[in-house]
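Below is one structure, written out as structure tokens, with a few remarks after it.
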Amino acid sequence: MAQTEKKGGLLRKSSASKKPLKEKVVLMYDEVFTTEDPSKCNPRFWEELFLMKVNLEYLEGKLEALDGEELMKIKDNINCLFQHCIQALGEEHPIRVVNALQTLCALIRGVHQKNKSTSGFDIINMLVGFDKAELCMKNLMESLDSLLCAEGSESLKSLCLKLLLCLVTVTDNISQNTILEYVMINSIFEAILQILSSPLSRREHGYDAVVLLALLVNYRKYESVNPYIVKLSIVDDEATLNGMGLVIAQALSEYNRQYKDKEEEHQSGFLSALTNMVGSMFIADADEKISVQTNEAILLALYEAVHLNRNFITVLAQSHPEMGLMTTPASPLPTTPVTPLGTTPPSSDVISSAELPLDADVQTSNLLITFLKYSSIVMQDTKDEHRLHSGKLCLIILTCIAEDQYANAFLHDDNMNFRVNLHRMPMRHRKKAADKNLPCRPLVCAVLDLMVEFIVTHMMKEFPMDLYVRCIQIVHKLLCYQKKCRVRLHYTWRELWSALINLLKFLMSNETVLLAKHNIFTLALMVVNLFNMFITYGDTFLPTPSSYDELYYEIIRMHQNFDNLYSMVLRLSTNAGQWKEPASKVTHALVNIRAIINHFNPKIESYAAVNHISQLSEEQVLEVVRSNYDTLTLKLQDGLDQYERYSEQHKEAAFFKELVRSISINVRKNLAFNTLSQELLLKEFSTIS
2 MAQTEKKGGL LRKSSASKKP LKEKVVLMYD EVFTTEDPSK CNPRFWEELF
52 LMKVNLEYLE GKLEALDGEE LMKIKDNINC LFQHCIQALG EEHPIRVVNA
102 LQTLCALIRG VHQKNKSTSG FDIINMLVGF DKAELCMKNL MESLDSLLCA
152 EGSESLKSLC LKLLLCLVTV TDNISQNTIL EYVMINSIFE AILQILSSPL
202 SRREHGYDAV VLLALLVNYR KYESVNPYIV KLSIVDDEAT LNGMGLVIAQ
252 ALSEYNRQYK DKEEEHQSGF LSALTNMVGS MFIADADEKI SVQTNEAILL
302 ALYEAVHLNR NFITVLAQSH PEMGLMTTPA SPLPTTPVTP LGTTPPSSDV
352 ISSAELPLDA DVQTSNLLIT FLKYSSIVMQ DTKDEHRLHS GKLCLIILTC
402 IAEDQYANAF LHDDNMNFRV NLHRMPMRHR KKAADKNLPC RPLVCAVLDL
452 MVEFIVTHMM KEFPMDLYVR CIQIVHKLLC YQKKCRVRLH YTWRELWSAL
502 INLLKFLMSN ETVLLAKHNI FTLALMVVNL FNMFITYGDT FLPTPSSYDE
552 LYYEIIRMHQ NFDNLYSMVL RLSTNAGQWK EPASKVTHAL VNIRAIINHF
602 NPKIESYAAV NHISQLSEEQ VLEVVRSNYD TLTLKLQDGL DQYERYSEQH
652 KEAAFFKELV RSISINVRKN LAFNTLSQEL LLKEFSTIS
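So my numbering is basically just the index in the sequence shown, starting at one, shifted up by 1.
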């Protein structure tokens, strides 16, 4: 018997020479693509159409094949198809609803693809017609809202979210997508929240719901009042906020886990096999670094939640047992650290092992730890544009956290100690840290570790100036909180001081190359003022008096770098060039550092001469420092503990516009409407009344 093949809506016998037969649904599409009303000859045409399995490829291809004039001739039939799709969403027959949803996706994509150069208003007219647009879109949004909130099929909810994502991302710049005006007027915000608050719905659809919300929040956010921004900023329901946090944590955890797995395979010598795998998300460059495809969409969702909703800050610190401990233990689970300021502990679904796969290297984790680990991976390599954007967004999120009073309270809380295993870039001149020997410390230590790690590992020709500025600002904001609240943090401050001095050394060594692209004096001034902050206020927040002595020791030990910096800025500030003003600011900022060097160096030399010692030990230098504080005169510098608060609209609008465009393109590219096979759907909807 001859085999029957199916291709592009055609049915043919492989051995036959007859004309290929078309599927019935394709014949019906062809009727829609004529100027005649298809229901004139067949009153049951629309009813029958939605019982047929959708052929997305054929329908989209047919729309794209028409030119603008031909499309306008069949506009009435396209409008009619669109309206009947909306009507079918209210049907009791689930198969009709599914087919209507898939047909809407094909229509929206096909018409938009065809009309890329035309305005959004033409698209609206082509799909629904101006005269009926408001009512049709209202009915569409109400139907989608009902389907998302109903107790019914998870497959239908999945398709509804995919249709909404299709609607939002058909244009690269979502703010030019005027169809979204109807999504603003007929809000589905509550439906999204319901998905996030329900454990079952969240597991099935949480990711799509969170990405959809992040995109909707960015529609014309600077030009008009966006209801999704307003509503997201006032959500205070704990289950909903925790749900959103869990979806984000799960996506980031999965990323971290896959990176860790690939890193281990790489170390075991399997990388060569991996890099040959088609479609692998991991690649190896010349330096044999492991790179990971970034997920800006989920990062944007985290940013919007942290930036817009102060209540979400509590979610960052919600503690959950790690995956390794979720198996039935012989002894009771370790006590979860106390949540600060009376926030309630996570509900039982929050600690579901199936929902939140976390690393097994520490006993407890939370969204902030997962995010810090994620950041430590994406910030390793900023040469790639996507990773550069991801790294920048990570630092912006940390900036928002570092400015928040409540976030600082739990970051610095001594009762909330965690062992955070950050990823460190392999470097020839340092040994790999032993993961298991990491101490349990307040979370702010992990944030500072991440900043130090970035400072140390990115001194390169393609210098990421913007990321360095943000990095230093985060450290400064944390110090301001410590000074204000007199928090004495037990941290290895020497590592930070050493990193900052090496950064200054790098700026000086590469002065000519860097000045051609950047104003390096802005960054130098920020670094010098961090030292001024330690010098002026260190006695209020450094853990012990000896820590303050060690600060002076480091400044004296590395005095040559500060001397060289002073010579450089003095040279440029006395010339009439473009760097005169920024260089002179650094000159003035160095006054106390130079006073310390000029005060203690002669004393140290004198001590060495009197005691006939050619090279003093650290303890001997510290002894000289301690005994000569009284005669040191320093100038009081104003504004060291002040900073400009983060403002998205004034400084970051261009970055977010480009980021959202990139996310929109990526979401559209990866959107699959036929992930649900007709067989599965028929099985799920086996009873059609």
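Where a beta carbon is used, it is the ideal one built from N, C-alpha and C, also for glycine. Just so it is clear, the structure is predicted and the values come from calculations on it, not from any experiment.
Spatially closest choice to residue i from the options, by CA coordinates
i, options, result
"V226", "E305, E182, L201", "E182"
"C401", "I314, H600, P228", "I314"
"A89", "L50, Q114, D68", "L50"
"L516", "H560, L165, F464", "F464"
"K63", "I125, G111, E24, L623", "G111"
"C441", "N418, M426, L449, M461", "N418"
"N533", "L591, V211, S585", "L591"
"V231", "L480, H308, W580", "H308"
"E224", "T545, Y644, L566, S176", "S176"
"C446", "V457, L479, S234", "L479"
"C81", "V33, N56, V625", "V33"
"S135", "I299, Q84, H459, K604", "A small fix is needed here, since residue 135 is Glu in this sequence, not Ser. The shortest C-alpha separation from E135 is found at Q84."
Delimiting residues of the alpha helix (DSSP H) encompassing residue i
i, result
"S144", "131-150"
"V33", "25-33"
"K374", "368-379"
"P546", "546-558"
"E266", "239-268"
"F464", "Unbroken run through F464: none, as it is neither H nor E."
"L317", "314-317"
"Q88", "76-89"
"K658", "654-671"
"L394", "386-404"
"K222", "Per DSSP, K222 belongs to no alpha helix (DSSP H) and is neither H nor E."
"Y644", "Element bounds for Y644: n/a, residue is neither H nor E."
Buried/exposed call for residue i, threshold 16 Cβ in 10 Å
i, result
"L1", "Lying outside 2 to 690, the shown extent of the chain, residue 1 is not represented and no answer is given."
"V528", "buried"
"C106", "buried"
"N692", "As displayed, the chain neither begins before 2 nor continues past 690, which places residue 692 out of reach and without an answer."
"L526", "buried"
"F131", "exposed"
"I378", "buried"
"N438", "exposed"
"T634", "exposed"
"Y630", "exposed"
"K158", "buried"
"N43", "exposed"
"R203", "buried"
"C86", "buried"
"V448", "buried"
"M142", "buried"
"T170", "buried"
"C486", "exposed"
Span separating the alpha-carbon of residue i from that of residue j
i, j, result
"N671", "L213", "14 Å"
"E65", "S147", "32 Å"
"D237", "Q319", "15 Å"
"E297", "E606", "55 Å"
"E649", "Q195", "28 Å"
"V587", "G392", "28 Å"
"L217", "S144", "18 Å"
"A355", "L247", "Because A355 carries a pLDDT of 41, less than 50, the predicted location of this residue cannot be relied on, and no value is offered for it."
"A500", "Y608", "29 Å"
"Q638", "A610", "35 Å"
"Y30", "K261", "49 Å"
"K652", "I398", "15 Å"
"M245", "V661", "19 Å"
"S156", "Q268", "41 Å"
"E61", "K658", "29 Å"
"R710", "L508", "A query on residue 710 cannot be resolved here, the shown segment of the chain reaching from 2 to 690 and no further."
"N612", "F601", "16 Å"
"L504", "I456", "7 Å"
"G578", "S585", "12 Å"
"R572", "W580", "10 Å"
"I521", "R471", "14 Å"
"Y1", "D385", "Outside the displayed span of the chain (2 to 690) sits residue 1, for which this structure offers no information."
"L165", "E70", "28 Å"
"K25", "M53", "8 Å"
Please list the segments of the beta strand (DSSP E) lying wholly inside the stretch 561-612, counting only runs of 3 or more residues, in order along the chain. none
Give, in chain order, every unbroken run of the alpha helix (DSSP H) that is at least 4 residues long and sits entirely within the stretch 471-524. 494-510, 512-516
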